[in-house]
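Note that the protein sequences, when read in sequence, are chains L and P.
Under this note's numbering, residues 443 to 537 are what the first sequence spells out, in order.
Under this note's numbering, residues 443 to 537 are what the second sequence spells out, in order.
Ideal placement from N, C-alpha and C gives every residue a C-beta, glycine not left out.
Because the structure is a prediction, the values reported are computed rather than measured.
Protein chains: 2
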Amino acid sequence: MENSCPAEGLLKMLSGKWKPQIFRMAVDGPLRFNALVRQINGSNKQSIAVALKEMEEQGLLEKTTVRLKPLHIEYMLSAKGKMLIPVFHQLENLL
Amino acid sequence: MENSCPAEGLLKMLSGKWKPQIFRMAVDGPLRFNALVRQINGSNKQSIAVALKEMEEQGLLEKTTVRLKPLHIEYMLSAKGKMLIPVFHQLENLL
DNA sequence: ACAATTAGTCAGAAAAACTTGACTGGCTGA
DNA sequence: TCAGCCAGTCAAGTTTTTCTGACTAATTGT
Numbered sequence: 443m444e445n446s447c448p449a450e451g452l453l454k455m456l457s458g459k460w461k462p463q464i465f466r467m468a469v470d471g472p473l474r475f476n477a478l479v480r481q482i483n484g485s486n487k488q489s490i491a492v493a494l495k496e497m498e499e500q501g502l503l504e505k506t507t508v509r510l511k512p513l514h515i516e517y518m519l520s521a522k523g524k525m526l527i528p529v530f531h532q533l534e535n536l537l
Numbered sequence: 443m444e445n446s447c448p449a450e451g452l453l454k455m456l457s458g459k460w461k462p463q464i465f466r467m468a469v470d471g472p473l474r475f476n477a478l479v480r481q482i483n484g485s486n487k488q489s490i491a492v493a494l495k496e497m498e499e500q501g502l503l504e505k506t507t508v509r510l511k512p513l514h515i516e517y518m519l520s521a522k523g524k525m526l527i528p529v530f531h532q533l534e535n536l537l
């Protein structure tokens with residue numbers, strides 16, 4: 443049960459078919475479930491639900507109920523999630 | 443077929459059960475097939491072979507035949523692979 | 001000559017990830 | 001009251017990834 447590669451855990455948090463896109467979109471502002479499913483081309487409810495749940499469990503996203511107008515739920519980057527932003531930018535600038 | 447997330451491609455290059463560890467070890471020096479399989483606890487020939495081949499195809503690793511004593515093959519980071527080192531360090535320092 | 005080490009490949013099985021479609025239940029506007 | 005949006009869940013099926021064990025074939029040490 444050793445790891446020997448500290449980056450592995452962080453990498454795993456963003457691995458999967460939809461997580462990178464979800465993370466990228468979360469950088470730009472709060473997310474809503476149905477909107478995500480509609481915006482992420484080729485995705486589906488179930489996969490997005492699982493990705494959101496895992497990212498929340500890993501502490502990348504935070505879930506809030508917004509008691510307003512249509513009464514909805516928002517997912518946004520946590521402090522931990524925000525720490526990954528510079529890494530993301532660095533990856534983008536590598537191209 | 444859009445992407446909308448430039449970091450996705452880079453992330454995918456290091457995704458998979460063994461690639462992060464292989465990359466990490468490549469930072470420390472050239473790798474050899476059988477040694478990798480022995481050192482990476484829980485791995486197997488086939489998976490390591492596939493990971494190495496893909497990482498080579500993606501241009502992260504370079505393969506060289508070393509015509510010496512036991513006549514063996516070495517995998518080492520390419521220029522492209524080396525560009526990822528700072529990202530890796532940043533991920534490590536995030537813990 | 002024989003055994004071990006090198007670096008693999010192959011087929012098939014098992015496990016993990018992803019998709020589909022149906023369904024739930026609260027809330028809101030007409 | 002009825003339709004539609006919200007945020008999901010569930011079971012089943014498909015696809016992708018990973019693992020196992022057997023095998024190849026050149027090179028090297030004794």
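Inter-residue spacing [alpha-carbon to alpha-carbon] between residue i and residue j
| i | j | result |
| --- | --- | --- |
| L/Met497 | L/Lys522 | 11 Å |
| L/Ile482 | P/Pro512 | 52 Å |
| L/Leu533 | P/Ala449 | 5 Å |
| L/Glu408 | P/Ile515 | The structure shown does not extend to residue 408 of chain L, since chain L is modelled only from 443 through 537, so no value can be given for it. |
| P/Gly501 | L/Lys495 | 34 Å |
| L/Ser489 | L/Thr506 | 20 Å |
| L/Ala421 | L/Ala468 | Any question about residue 421 of chain L goes unanswered here, given that chain L covers just 443 to 537. |
| P/Leu526 | L/Met518 | 27 Å |
| L/Leu537 | L/Gly458 | 21 Å |
| P/Ser431 | P/Leu503 | Any answer about residue 431 of chain P is impossible in this case: the structure gives chain P only from 443 up to 537. |
| P/Asn535 | L/Asn535 | 20 Å |
| P/Leu473 | P/Ser446 | 35 Å |
| P/Pro528 | P/Phe475 | 25 Å |
| P/Lys524 | P/His531 | 12 Å |
Short CB-CB distance (under 8 Å) between residue i and chain L
| i | result |
| --- | --- |
| P/Gln488 | no |
Contacts around residue i, its chain only, beta-carbon distance under 6 Å, and the 5 residues preceding and following it disregarded
| i | result |
| --- | --- |
| P/Pro462 | Leu456 |
| P/Leu452 | none |
| P/Lys454 | none |
Min CB distance residue i to chain P below 8 Å
| i | result |
| --- | --- |
| L/Gln463 | yes |
| L/Glu534 | yes |
| L/Met525 | yes |
| L/Gly471 | no |
Within chain L, the residues that residue i reaches when beta carbons sit closer than 8 Å
| i | result |
| --- | --- |
| P/Met457 | According to the sequence shown, residue 457 of chain P is Ser rather than Met. Within chain L, the residues near P/Ser457 are Leu453 and Ser457. |
Per-residue contacts from residue i into chain P (C-beta, under 7 Å)
| i | result |
| --- | --- |
| L/Phe530 | Ala449 |
Chain-order list of residues whose beta-carbon lies under 8 Å from that of residue i (same chain, five-residue window excluded)
| i | result |
| --- | --- |
| L/Leu510 | none |
| L/Val508 | His514, Ile515 and Glu516 |
| L/Val479 | Ser485, Asn486, Lys487 and Ile490 |
| L/Gly540 | The displayed coordinates of chain L run from 443 to 537. Any statement about residue 540 of chain L would go beyond what the structure contains. |
| L/Ser520 | Gly501, Leu502, Leu503 and Glu504 |
| L/Arg466 | Phe530 |
Listed by chain order, chain P residues near residue i by CB distance under 9 Å
| i | result |
| --- | --- |
| L/Arg466 | Ser446, Cys447, Pro448, Ala449 and Glu450 |
Neighbouring residues, chain P, relative to residue i (Cβ below 8 Å)
| i | result |
| --- | --- |
| L/Leu478 | Chain P residues near L/Leu478: none, gap ~13 Å exceeds 8 Å. |
| L/Leu502 | Within chain P, no residue comes near L/Leu502; the closest Cβ sits about 12 Å away, beyond 8 Å. |
Residues that residue i bridges to, as DSSP identifies them
| i | result |
| --- | --- |
| P/Leu519 | P/Leu503 |
| L/Leu473 | L/Tyr517 |
| P/Val529 | Answer is none; P/Val529 lacks a bridge partner. |
Chain-ordered neighbours of residue i on chain L, where CB pairs are closer than 7 Å
| i | result |
| --- | --- |
| P/Leu537 | Pro448 |
Residues of its chain near residue i, where Cβ-Cβ distance is below 7 Å and the 5 sequence neighbours each way are ignored
| i | result |
| --- | --- |
| P/Ala493 | Gly458, Trp460, Lys461 and Ile464 |
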